[in-house]
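Numbering (the UniProt record's numbering), first residue to last: 1 to 184.
A virtual CB, placed ideally from N, CA and C, is assigned to each residue, including glycine.
Structure record follows, encoded as structure tokens.
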């Protein structure tokens with residue numbers, strides 16, 4: 001069971017799982033997933049939130065979507081072949097180096113790589129926040145099953161805009177004005 005907490009920019013890492021060019025056309029509602037991911041990415045830049053991007057079997061699935069790469073040139077990239085990024089040597093060490101317990105998760109496929117990575121992150125003691133409008137699968141039912149399973153396992157299920165406003169916290173700031181232009 002997860003504990004109750006407010007998502008905080010100073011405690012967050014944005015984890016982008018396998019949003020890759022050759023997989024994108026097969027993913028249900030991919031334009032929405034990409035849009036929400038880009039909103040979170042832009043907001044992460046404002047708050048100085050570290051971003052880690054995984055790429056599953058890059059040779060076969062291509063690289064990360066160009067829009068994401070262009071927006072996040074300083075992101076840390078992690079190549080993988082295991083469905084769970086946590087099974088790759090060095091991945092958990094990379095996550096722990098950020099010294100931030102809240103992992104904001106977007107990506108594909110929800111019922112495979114997102115699910116297995118998140119379950120392992122939970123088991124490793126991280127607070128996992130799955131962004132429902134920024135994860136996807138080829139089949140919408142598979143996505144929903146994964147979200148249900150992750151919620152039962154203790155992940156927080158949220159949406160991009162909720163997390164963005166939790167990061168901002170206060171409307172009487174210049175940060176709020178910057179973020180407002182991102183979500184409109």
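- In the three-state reduction of the DSSP assignment, residue 152 falls in the helix class.
- Here DSSP, grouped into helix, strand and coil, assigns residue 4 to coil.
- Assignment of beta strand (DSSP E) within the UniProt domain "Isochorismatase-like" (12 to 161), counting only whole runs of 3 or more residues, yields 12 to 17, 51 to 56, 76 to 80, 102 to 108, 127 to 136, 156 to 158 in chain order.
- In the DSSP assignment, residue 10 falls outside any alpha helix (DSSP H) and carries neither an H nor an E.
- The C-beta separation of residue 143 from residue 110 comes to about 4 angstroms, placing the pair in contact by the 8 angstroms criterion.
- Here the region 53 to 61 does not lie against the region 125 to 144, with fewer than 3 beta-carbon pairs under 8 angstroms apart.
- Straight across, the Cα-Cα distance linking residue 172 with residue 45 is about 19 angstroms.
- In this model, residue 68 and residue 35 are separated by some 10 angstroms (Cα to Cα).
- As the crow flies, the alpha-carbon of residue 92 is around 22 angstroms from that of residue 5.
- For residue 18, the number of other beta carbons within 10 angstroms of its own is at least 16, and it is reported as buried.
- Burial of residue 108 is indicated by the presence of at least 16 other C-beta atoms within 10 angstroms of its C-beta.
- Ranking 26, 40, 23 by CA distance to the CA of residue 12 puts 40 first.
- A residue is called buried when at least 16 other Cβ atoms come within 10 angstroms of its Cβ; residue 113 meets this threshold and is buried.
- In terms of Cα proximity to residue 14, the closest of 94, 89, 63 is 94.
- Contact between residue 106 and residue 168 fails: their C-beta atoms lie close to 18 angstroms from each other, not under 8 angstroms.
- If the five residues before and after residue 151 are omitted, its C-beta is found closer than 6 angstroms to the C-beta atoms of 157, all from its own chain and listed in chain order.
- Residue environment: residue 136 is assigned as buried (16 or more neighbouring CB atoms within 10 Å of its CB, all protein chains considered).
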